[in-house]
Amino acid sequence: MTRNNYHNNNDNHDSLSHAASRACKHIDIGTAVLPQPLQAESLYAATLQREFNAIVVEHDLKWGPLLGEGQNDLNDIKCLGQYDFTQADIVVNWALQHDKKVKGHVLVWHVTSPPCLQQLTAEQLREHLQRHIYTVMGYFRGRIRTWDVVNEALAPDGSLAENIFLQKLGPSYIEKCFRWAHQADPDAVLLYNDNKVEAIDTPKGDAFYHLLADLKAKQVPIHGCGMQGHFNAAGTGRNRPPTPRMLKQQIRRLGDLGLTVNLSEVDVRTSRLENPVLETVAQKQIYHDLVVAALSEPSCDGIWLWGFSDKHTWVSHFYYDDQPLIFDEDYQQKPSYYALREAIASFGVGSVVGNGVLLEEDVNVHGNTWGHEWMQPEPEDEIC
Numbered sequence: 001m002t003r004n005n006y007h008n009n010n011d012n013h014d015s016l017s018h019a020a021s022r023a024c025k026h027i028d029i030g031t032a033v034l035p036q037p038l039q040a041e042s043l044y045a046a047t048l049q050r051e052f053n054a055i056v057v058e059h060d061l062k063w064g065p066l067l068g069e070g071q072n073d074l075n076d077i078k079c080l081g082q083y084d085f086t087q088a089d090i091v092v093n094w095a096l097q098h099d100k101k102v103k104g105h106v107l108v109w110h111v112t113s114p115p116c117l118q119q120l121t122a123e124q125l126r127e128h129l130q131r132h133i134y135t136v137m138g139y140f141r142g143r144i145r146t147w148d149v150v151n152e153a154l155a156p157d158g159s160l161a162e163n164i165f166l167q168k169l170g171p172s173y174i175e176k177c178f179r180w181a182h183q184a185d186p187d188a189v190l191l192y193n194d195n196k197v198e199a200i201d202t203p204k205g206d207a208f209y210h211l212l213a214d215l216k217a218k219q220v221p222i223h224g225c226g227m228q229g230h231f232n233a234a235g236t237g238r239n240r241p242p243t244p245r246m247l248k249q250q251i252r253r254l255g256d257l258g259l260t261v262n263l264s265e266v267d268v269r270t271s272r273l274e275n276p277v278l279e280t281v282a283q284k285q286i287y288h289d290l291v292v293a294a295l296s297e298p299s300c301d302g303i304w305l306w307g308f309s310d311k312h313t314w315v316s317h318f319y320y321d322d323q324p325l326i327f328d329e330d331y332q333q334k335p336s337y338y339a340l341r342e343a344i345a346s347f348g349v350g351s352v353v354g355n356g357v358l359l360e361e362d363v364n365v366h367g368n369t370w371g372h373e374w375m376q377p378e379p380e381d382e383i384c
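Residues 1 to 384 (full-length UniProt numbering) are what the sequence shown spells out, left to right.
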């Protein structure tokens, strides 16, 4: 079995952010951050400070949490407008005190919106949605300069996702949200974010491109997009990880629209491979090869992880026990950490990978067909 031989030494002096600082292009190396471990765990804060140059608030800037989700009754329309920024402020203030870029996530996402929105008329919903965007962006204006405006507006098949905003406001709600966000802060960088859109020639990946192309054609103030990158090494069908070529082609055509592109919520699930050796190989290869493929496109300006330690991962809460991140539960670097760091370091000044032509074919650095060691066969009933 041929494997990528990434460095596994404990040379902690060379962090991810240090590697990014030596790159031939600007690279955001970001991670999602939670306020509780940031305050309670010194290793969490120290690792965050050492390794990353940017942070995104993982949960506490979403509409429901800002209204006191879990403490207040979000089925009662009286909750609307009752904002509590305490938890978000903990993360944002820490980041700014430590010279980290901050990305706001997310202004409009139906999944975490208060249920009481269902009680509103279309006009009332429009007013509350606009007021929400103005309120949150106004509160953080000057502190948060980049925002995920709309999240996951597409369904798995590429159609618009059925949600309260589509039902009551129609498809134009996406455009309206970006225009309101621009009015709230004309200097802010505005992004659209979605999942399972990393590959060209897939229903949702193509719908993602066409949605953004349509917004640009209408001169909507949108500056970039995030492709989440919640990769599952054992995935099949729509859940199969993209190949480097498919990822590059998707980023390239998005860049041709004049958009910046970032991988916005990266983690790599492997436990369903049920083979510890393959789990390590797959996680290293995905973190390395897909990051190199993405960053080799000029329009790609950042890699953002959805957490950094397996001690604090959404996967174990929402799916099953897994270790999808680059530090273990004791904040020790995993093999995938070194694979990611090597990917970033390959863009150092004088390198040749920043010219947008690397990995045009689906091969890894050893010339093997990409992912052949761990990629799962496609069941006939899951082919799509």
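All C-beta atoms in this analysis are idealised placements derived from N, C-alpha and C, irrespective of residue type, glycine included.
Cα-Cα separation, residue i to residue j
i	j	result
S15	V349	17 Å
T236	I133	37 Å
A282	A32	22 Å
A213	E41	43 Å
G138	G170	26 Å
S346	G70	45 Å
L358	H128	Summary for L358: the model assigns pLDDT 47, below 50, so the residue's position carries little reliability; its value from the coordinates is reported in the next sentence. Those two C-alpha atoms are separated by around 46 Å.
A23	K204	32 Å
Q82	P335	45 Å
V363	V277	The predicted model places V363 with a pLDDT of 45, which falls under 50 and marks its position as unreliable; any figure quoted below should be read in that light. Distance between the alpha carbons of V363 and V277 is about 20 Å.
S172	A122	13 Å
Residue environment, residue i, which counts as buried when at least 16 other CB atoms sit within 10 Å
i	result
K284	buried
R341	buried
A343	buried
T270	buried
H182	buried
E360	Residue confidence is low: E360 scores 47 on pLDDT, short of 50, so the model does not pin down where it sits. Its coordinate-derived value is still stated next. Exposed is the call here.
R240	buried
Y320	exposed
K78	exposed
N93	exposed
Q323	buried
K25	exposed
residue 419	Examination of residue 419 is not possible in this model, given that the chain is present from 1 through 384 alone.
A95	buried
E265	buried
D330	exposed
Beta carbon of residue i nearer than 8 Å to that of residue j
i	j	result
K103	A54	yes
T260	S299	yes
T146	F308	no
L190	P221	yes
D301	D28	yes
L34	H312	yes
L61	V106	yes
P244	A293	yes
Y287	A339	yes
P115	L80	no
L273	W109	no
C225	N195	no
F178	V149	yes
I90	L166	no
V56	G30	yes
L66	L74	no
N-terminal and C-terminal residue of the beta strand (DSSP E) that residue i is part of
i	result
P231	Reading off the sequence shown, one finds Phe at residue 231, where the question assumed Pro. Start and end: 230 to 232.
R143	Segment: none, R143 is in no beta strand (DSSP E) and carries neither H nor E.
C24	Element bounds for C24: n/a, residue is neither H nor E.
C116	Counting along the chain, C116 falls outside any beta strand (DSSP E), and DSSP gives it neither H nor E.
G158	Careful: G158 lies outside any beta strand (DSSP E) and carries neither H nor E.
Y192	189 to 194
E265	260 to 269
V108	101 to 108
G224	224 to 227
Residue i, enclosing alpha helix (DSSP H) - first and last residue
i	result
H317	314 to 318
H372	Note, H372: premise wrong, no alpha helix (DSSP H); not H, not E.
residue 467	Here the chain covers residues 1 to 384 and nothing more, so residue 467 does not appear.
L96	86 to 97
D301	From DSSP, D301 is part of no alpha helix (DSSP H) but of the beta strand (DSSP E) over 300 to 305.
D206	203 to 217
Short CB-CB distance (under 8 Å) between residue i and chain D
i	result
Q183	Here there is only one protein chain, and chain D is not present.
Cβ distance (whole Å) where residue i is taken to contact residue j below 8 Å
i	j	result
K218	E175	6 Å
D310	D289	Incorrect: roughly 21 Å between the Cβ atoms, too far for contact.
Q49	H98	6 Å
Q230	W306	The identity of residue 230 in the sequence shown is His, whereas the question assumes Gln. About 7 Å separates the two Cβ atoms, so the contact holds.
Q130	W180	5 Å
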